[in-house]
Amino acid sequence: MGKMLAAVFHKKGENGGEIILEQVDIPEIKQSDDVLIEIKACGICGTDLKIMEGAHPANDNVILGHEFCGIVENIGEDVKDLRKGDKVVIDPNLKCGICPACRCGYDNQCEFLATGQTFGIYQNGGFTKYCVVPRRALYQLPIDMDLTKAALIEPLSCAVHCNNIADVKECDNVVILGAGPMGLIIESVIRKHPINQLFVVEPM
Ligand SMILES: [Zn+2]
Ligand SMILES: [Zn+2]
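Take the sequence shown: its letter number 184 is residue 873 in the numbering used here, and every next letter is one higher.
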């Protein structure tokens, strides 16, 4: 078993914690539906900063980073639709895939979500070289996809959801409060639609 460098979160009581670069074991395929990914890019989320400050829960001794993508390095025996070299991006919020909510397409209601399985928060994530995740947590990417950009797919999905529930019409004026990374991604999605006026508010 080889070693890899990882950014490991160490809790300090209730006051957050610190990240320490450590040599850890490269993870191995354990379940038949597991996929070993060589991580190529991982975003830093506002949630990561909250974890450091103690404002968001996370497990001790976990490798942070939940916005990541990479290349398939190895697969379990039941994974039939991915192979070594395929590009993939992760859905960090692991669902069970078999409960009534999951089967009906409401996997955001999956009870398994509440058991604390998120990659990069409750189990090892992307601030390292390799990660093992079940096939159901992965989306395959086009082979010519730029993986630096693909690391933005998770925050982009939040912006697409924001746009969907806002249901902006052509006659609407839209105000986005905050021009941080999320505000700017939301702006790029909203701009795809014809709207009346768009304002982005950011303190100087
Ligand atoms: Zn995030
Ligand atoms: Zn479920």
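Beta carbons are placed, not taken as given, at the ideal position from N, Cα and C, and that holds for glycine.
| said: Check whether the region 745 to 755 and the region 846 to 854 are in contact - that is, three or more C-beta pairs closer than 8 Å. | reply: no
| Would DSSP call Phe-816 helix, strand or coil? | coil
| Under 7 Å, do Lys-729 and Gly-691 count as touching if we go by C-beta distance? | no
| task | Output the boundary residues of the alpha helix (DSSP H) element that contains Lys-838. | result | 836 to 839
| query | Within the structure, which residues are defined as neighbours of ligand 2 by a Cβ-heavy atom distance below 7 Å, reported in chain order? | reply | Lys-784, Cys-785, Gly-786, Ile-787, Cys-788, Ala-790, Cys-791, Asp-796, Cys-799, Glu-800 and Phe-801
| said: Given 6 Å as the limit, tell me if Cys-734 has its C-beta closer than that to any heavy atom belonging to ligand 1. | reply: yes
| Alpha carbon to alpha carbon, how far is Arg-772 from Ile-726? | 11 Å
| Helix or strand or just coil, what does DSSP make of Asn-798? | Before going further, note that residue 798 is Gln rather than Asn in the sequence given. Looking at Gln-798 - three-state DSSP - the assignment turns out to be helix.
| field | Reference Met-890, options Lys-739, Pro-883 and Val-863, closest by Cα | value | Note that residue 890 corresponds to Val in the displayed sequence, not to Met. Nearest C-alpha to Val-890: Val-863.
| task | Using only alpha-carbon positions, find the residue among Pro-746, Leu-836, Lys-858 and Leu-887 that is nearest to Thr-807. | result | Pro-746
| Under the rule that 16 or more other beta-carbon atoms within 10 Å means buried, what is Lys-858, buried or exposed? | exposed
| What does a CB cutoff of less than 6 Å around Cys-793 pick up in its chain, not counting 5 residues either side in sequence? | none
| field | Asp-861 beta carbon less than 7 Å from that of Ile-879 | value | no
| query | Leaving out five residues before and five after Ile-740 in sequence, what residues of the same chain have Cβ atoms less than 6 Å from its Cβ? | reply | Ala-747
| query | CB-CB under 7 Å to Cys-791, same chain, minus the five flanking residues each way: which ones, in chain order? | reply | Lys-784, Cys-785 and Cys-799
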